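Residue numbers (my numbering): 166 to 342.
Idealized CB from N, CA, C, for every residue including glycine.
This structure is a prediction, so every number in the text was calculated from the model and none was measured.
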């Protein structure tokens, strides 16, 4: 009987470890909630490469309504941005801003599969209702292969139901000034 219980506990522990490893394998955001309409420091956490192959590029597409993005340079990586029209004009200091950064790319570096790193940018979040989920699609390129963290969960479905979910951010009530 003791042996059966020990085997059951060992199997349960193994299942828990495997499921935790799978959840930790995604590109995720360090802070997963932020006030609507606020400045937000997005820290993308990259915890692995592609089946043992080093990461050589991280490409981010900003969600509609996220504006005034500014990426943080990383030593050893080339930083590039792509500008385009915003879905809606954004008012800033009495000016209407209609276009800006829509994509960010860090390329040319090498992040070994066994190492961890972070890729950072700041952005102004859209003024949407509290509880709204924003998803930030990320493509992780490696020497051999890629991960396309671009799957956006259907309403009511958890990100864990997807093989390569986009990092998600839940908007909270705006801060009162």
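In angstroms with no decimal places, state the Cα-to-Cα distance between residue i and residue j.
i: residue 297; j: residue 252; result: 17 Å
i: residue 221; j: residue 281; result: 13 Å
i: residue 292; j: residue 228; result: 13 Å
i: residue 335; j: residue 195; result: 12 Å
i: residue 308; j: residue 285; result: 22 Å
i: residue 224; j: residue 305; result: 7 Å
i: residue 189; j: residue 202; result: Residue confidence for residue 189 is low, a pLDDT of 46 falling below 50, so the modelled location carries little weight; the figure read from the coordinates is stated next. When rounded, the distance between both Cα atoms is 29 Å.
i: residue 186; j: residue 213; result: Reliability fails at residue 186, whose pLDDT of 36 lies under 50, so the model's placement of it is uncertain and no value is given.
i: residue 200; j: residue 341; result: 10 Å
i: residue 209; j: residue 287; result: 11 Å
i: residue 302; j: residue 283; result: 16 Å
i: residue 262; j: residue 326; result: 37 Å
i: residue 314; j: residue 333; result: 11 Å
i: residue 260; j: residue 254; result: 10 Å
i: residue 250; j: residue 206; result: 22 Å
i: residue 244; j: residue 226; result: 14 Å
i: residue 237; j: residue 246; result: 11 Å
i: residue 258; j: residue 331; result: 32 Å
i: residue 271; j: residue 217; result: 20 Å
i: residue 322; j: residue 232; result: 27 Å
What span of residues does the beta strand (DSSP E) with residue i cover, start to end?
i: residue 299; result: 298-300
i: residue 214; result: Premise fails: residue 214 is in no beta strand (DSSP E) and is neither H nor E.
i: residue 341; result: It is not in any beta strand (DSSP E) - residue 341 carries neither H nor E in the DSSP assignment.
i: residue 250; result: 243-257
i: residue 199; result: 198-200
i: residue 233; result: 232-236
i: residue 224; result: 220-226
Is the CB-CB distance between residue i and residue j below 8 Å?
i: residue 248; j: residue 230; result: no
i: residue 328; j: residue 316; result: yes
i: residue 276; j: residue 219; result: yes
i: residue 215; j: residue 273; result: no
i: residue 295; j: residue 267; result: no
Would you mind working out which of the options sits nearest residue i, comparing C-alpha positions?
i: residue 269; options: 235, 263, 192, 262; result: 235
i: residue 256; options: 240, 237, 290, 241; result: 290
i: residue 339; options: 237, 198, 192, 278; result: 198
i: residue 278; options: 321, 300, 211, 226; result: 211
i: residue 191; options: 312, 323, 322, 271; result: 312
For the ligand SAM, is there a heavy atom less than 7 Å away from the beta-carbon of residue i?
i: residue 198; result: Absent from the structure shown: the ligand SAM. Ligands present: none.
Legend entry - Contained beta strand (DSSP E) runs [length at least 3] in the stretch 271-320, N- to C-terminal order: If we require 3 residues or more, the beta strand (DSSP E) runs fully inside the stretch 271-320 come out as 282-289, 298-300, 303-307, 311-314.
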